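Since the structure comes first, as structure tokens, the remarks are kept for the end.
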Ligand code: FES
Ligand code: FES
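Protein chains in written order, with our numbering: chain A, 1 to 155; chain B, 1001 to 1744.
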């Protein structure tokens, strides 16, 4: 069985069953490192990607359910050389310790800023309430998201 | 390390890599030879166990440096800090210093990356080795140019005379013999000459981490790689009675079911196939239960009922002055999880009788020893290579999953590599927890409000069961058909201490007695969790200091300063009080309060004082910590932003431990298995933290990764008392416990 799906703007296919969690297709078949396995239980947010702009937990989303929708992962935002304003702000603020949660944080933040380009600090905190971080990087993550929102405002 | 993985993924062979190091490496041995009876002089830091200069630093034909370190990146920024130190002493730009970290065939053996010692031991080694390599190159240049070495200037790997003649490191690489014992005689730069050390250099690992580059062992993809999962017993010590695996073997993608005694695992072509097969395997297995766990409701009584070995770790006996009041209190700390966001992971490959394991272990050499023991291979047939994992806060499942992966890889057909990541429930259920502790304090106050007698007793298990040559400390080894035995638990000696870490007060009391009651029997699996016993000891002692201050009618800040001579300790307390705008004997009440906590981590490392604000909602029992301030003194600061990040991270993690965290268990096994049964702090609850750093360029750099957790726990408990007039002496401050305290 093979599935096809649109990821980061390109049609891709993978030799996976339709009920395979999207996470494993992204990581193992498409070799995208952004989304991480954290819990497989929709509890931590490490696997967050965007499907048609909405944040979803790829660990519990069957790849067969994606259909014609567009999947965006961390890699779809930008690169180290040409980072998205959010990635840029995370680098500027050095907003990572181990960094394992960061892809999920950035994807949730992207969804938040698309909805609400100028969030308050409290709105950023609420927007990221479902993403866990264990290293205590939260303060810097919040600062990075606010910084990115200002940068986007200037564009 | 990142570079290492990309090399792997690009399929560049090790020979190409070694060739890139240039002509200097003749033979690479880690130990010089001594004639019989000859004693080697002690060398500073990690140089002592790794005495050859080229074990640390090699200069390539292009003049760049390869720096080898046994200290590994755990998300704490150490790779960047060590690179800064080496580049500084070598006078090379950062981009021309290549780091190799934690590889049993390439780097020095620096034991474990733990206990905030990487800067102190690994950093010192690189500083001295770097200075020595630079001195050797300068000598060569002086000979070649016919001038005095002292007259030469060095910048970015170019050595020049005052009249403008130049020679580069590249020109000298060929002739420089670094295969010699370190003398540790070359003088490192004075702090005033530092250009790279002391700067907030952007961390080298962050760009990949925020853009989806290869950053973790979880991201390794080797050609032909299979996926493995293990099926753990329902509880500690259970035995696999029977398994009918015929149906599982027929599941899609399944390559092998691996059983060795009560160790059970499965290998499949695809990750989701391995997961499905492991779930089916779990259902098909029947187990004979191991011994029951104690009743959690009576945990602390149970701990106190176990036999203990008392060690008196501090005693000052002067005549007991007349005291007006004696005060006593008992404090408790539960079992706590490491709970990294990403479960532990390893990739293993068994080819030609040799096992290669990519691991996020904190100590690749000790891990190699226990892997070799379990696999019955000579250690030189086991190669461990560090690759970063999810956050590491002590001894988690990293070492155990390395053996799990190796056991599966041994059964993989055609030497195919196996990647194995634990499931969330494996990590919570089987990681070694931070041990539960009971702390009893008793003190006497004089009429003028001074502490004249101090007694402190702490009961706990060992705080380290890391891989160990005296036994096998890897989980799966205990479940094999021929089970191996763990090393007997050992006391970690003072002054650093284990369960008794920070149990000796830094305050100056005329009379004191501190006893560490070491309990051998471990009801739950335990090992090192960030700070070891320091978190709970500082929580208890600094809570008790506030209880005594209250009894003496003295402001908590003033009370501490009145008992403290160490000027650096006083300085951080005064600095944080200033920063937070502390007002003496302020009692805001009404559910809002402010508290302080202080410690010098391990009594050997960074000084930290923390002030926290809390808000207590009496009806719901919820405690909020909106703000915290810290002042820290780590001696000479290597990377200010990195240091602030560590202090801040510690404060936030400690807020989570203190408010929420407690491993739940029943007689049948561990009940905390996911983020619902083991909740941690979420984004809306995180305090705003401000950190003030006190730089002391003339003082030794001190470890800081674990320095703020204890003070923060005490600051929260003291702020809670200020807010409510009630004292919580048992962690964590969950709503149920808070409501009980408020009623009582
Ligand atoms: S891995 Fe998907 S929410 Fe945790
Ligand atoms: S940075 Fe480590 S989990 Fe967030």
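Just so it is clear, CB atoms sit at the ideal spot from N, CA and C, and this is done for glycine as well. Since this is a predicted model, take the numbers as computed values, not measurements.
Using a C-beta cut-off of 8 angstroms, the stretch 27-36 of chain A makes no contact with the stretch 88-99 of chain A, since fewer than three inter-stretch Cβ pairs fall below that distance. Those residues of the stretch 1675-1695 of chain B placed with their C-beta closer than 9 angstroms to a C-beta in chain A are 1675, 1676, 1680, 1681, 1682, 1683, 1684, 1685, 1686, 1687, 1688 and 1689, ordered along the chain. Three or more beta-carbon pairs separated by less than 8 angstroms link the stretch 1245-1252 of chain B to the stretch 1272-1291 of chain B, which places the two stretches in contact. For ligand 2, no non-hydrogen atom lies closer than 6 angstroms to the CB of residue 1393 of chain B. The way I'd put it, the stretch 1087-1096 of chain B doesn't touch the stretch 1048-1056 of chain B; fewer than three beta-carbon pairs between them come closer than 8 angstroms.
In this chain, the alpha helix (DSSP H) harbouring residue 1537 of chain B covers 1534-1552. Excluding five sequence positions before and after residue 1118 of chain B, the CB atoms of its chain that fall closer than 6 angstroms to its own CB belong to 1071 and 1078, given in chain order. Between residue 1632 of chain B and residue 1608 of chain B, the CB-CB gap stays under 7 angstroms. Just so you know, the alpha carbons of residue 1405 of chain B and residue 1238 of chain B end up roughly 21 angstroms apart.
Close to residue 91 of chain A, with beta-carbon spacing below 8 angstroms, are these residues of chain B in chain order: 1202, 1206, 1207 and 1210.
Chain B places a beta carbon closer than 7 angstroms to that of residue 139 of chain A, counting this residue as a contact. Only exposed fits residue 114 of chain A, as fewer than 16 other CB atoms lie within 10 angstroms of its CB. Apart from the 5 residues on each side of it in sequence, residue 1249 of chain B sits with its Cβ closer than 7 angstroms to the Cβ of 1257 in its chain, given in chain order. Judged by DSSP in its simplified three-state form, residue 1359 of chain B adopts strand. Around residue 19 of chain A, the same chain offers 62 and 64 as residues with beta carbons nearer than 7 angstroms, after the five sequence neighbours per side are excluded. In this structure residue 1041 of chain B is exposed. Its beta-carbon is surrounded by fewer than 16 other beta-carbon atoms within 10 angstroms. In this structure, residue 141 of chain A lies away from residue 1210 of chain B, with their beta-carbon atoms at least 7 angstroms apart. Chain-order list of chain B residues neighbouring residue 44 of chain A: 1341 and 1675, by C-beta distance under 7 angstroms.
Its chain contains 1630, 1632, 1691 and 1708 as the residues whose beta carbon lies nearer than 6 angstroms to that of residue 1647 of chain B, once the 5 sequence neighbours on both sides are disregarded; these appear in chain order.
Ligand 1 approaches residue 59 of chain A closely enough that one of its heavy atoms is under 6 angstroms from the residue's Cβ. Residue environment: residue 1489 of chain B is assigned as buried (16 or more neighbouring CB atoms within 10 Å of its CB, all protein chains considered). Counting along the chain, the unbroken beta strand (DSSP E) around residue 1310 of chain B starts and ends at 1308-1316.
Shown here, residue 1331 of chain B sits in a strand according to DSSP, grouped into three states. Using a CB distance cut-off of 7 angstroms, residue 1390 of chain B counts as an interface residue toward chain A. Between ligand 1 and the CB of residue 1436 of chain B, the shortest heavy atom gap is not smaller than 6 angstroms. Taking 8 angstroms as the cut-off between beta carbons, the residues of the stretch 1400-1424 of chain B near chain A are 1421, 1423 and 1424, in sequence order. A distance of 7 angstroms or more separates the beta carbons of residue 1414 of chain B and residue 1463 of chain B. With a cut-off of 6 angstroms, the C-beta of residue 39 of chain A is classified as distant from ligand 2, since no heavy atom of the ligand falls inside that distance. Per DSSP, residue 1626 of chain B lies in no alpha helix (DSSP H); the unbroken beta strand (DSSP E) holding it starts and ends at 1622-1633. The residues 1324, in chain order, have a CB closer than 6 angstroms to that of residue 1447 of chain B in the same chain once the five nearest residues on each side in sequence are set aside. With a cutoff of 6 angstroms, residue 98 of chain A does not count as near ligand 1, since its C-beta is closer than that to no heavy atom of the ligand. Boundaries around residue 1136 of chain B are those of the alpha helix (DSSP H), 1124-1145, since no beta strand (DSSP E) includes it. Out of B:1458, B:1208, B:1669 and B:1169, the CA that lies nearest to the CA of residue 81 of chain A is found in B:1208.
Listed by position along chain B, the residues whose Cβ is nearer than 8 angstroms to that of residue 73 of chain A are 1212. Between residue 1649 of chain B and chain A, the shortest Cβ-Cβ separation is below 7 angstroms. Burial check for residue 36 of chain A: the Cβ neighbour count within 10 Å reaches 16 or more, so the residue is buried.
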